[in-house]
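In what follows, a structure is listed as structure tokens, so that the remarks can point back to it.
Numbering (our numbering), first residue to last: 12 to 68.
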């Protein structure tokens, strides 16, 4: 019975990890994808065009 108690935690973690990956993959895209992409693009544009103070030290 020791082998059962040794195998249960990795199996449980594997099941939860697979569930997490499936949830992440299923949540990609959908109706909010354009809004999320626009928010990321806006944040990147702000970061790239922001003031570059402190870089020439």
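Cβ coordinates follow ideal geometry from the N, Cα and C atoms, glycine included.
Cα separation between residue i and residue j?
{"i": "residue 12", "j": "residue 20", "result": "14 Å"}
{"i": "residue 14", "j": "residue 35", "result": "32 Å"}
{"i": "residue 60", "j": "residue 25", "result": "43 Å"}
{"i": "residue 49", "j": "residue 32", "result": "24 Å"}
{"i": "residue 51", "j": "residue 43", "result": "12 Å"}
For the segment 12-62, list the alpha helix (DSSP H) runs that are entirely contained and at least 4 residues long, ordered along the chain. 13-38, 44-60
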